[in-house]
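Residue numbers (my numbering): 1 to 91. For every residue, glycine included, the Cβ atom is placed at its ideal position computed from N, Cα and C.
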């Protein structure tokens, strides 16, 4: 995963300096309300071609949790492709 790209997207979406997008940073402290988090996740999904589950989104309170959810979704996509599931398939 291109973590630098993910952090850049987070910083841009929330309108904060990239240096503020550290693992321990709470999304609320960066100015994100729940709708901002949903919009951010949609943006990350589009950028990385994945789907992050609603359950994962609900658990995202920090930058580290967002990045972990993105990693899990990317790993799932890689496993599906390795199993012969078409790239556009939604499970």
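Same chain, Cβ closer than 7 Å to residue 8, neighbours up to 5 away in sequence not counted:
18
How big is the Cα-Cα spacing for residue 91 and residue 23?
Interpretation of residue 91 is limited by its pLDDT of 49, a score under 50 that renders its predicted location unreliable; no figure is taken from the coordinates.
Would you kindly work out how many angstroms separate the C-alpha atoms of residue 11 and residue 55, rounded to a whole number?
23 Å
Assuming residue 12 is part of the alpha helix (DSSP H), what are its boundary residues?
3–14
Run of the alpha helix (DSSP H) containing residue 54, from where it starts to where it stops
54–58
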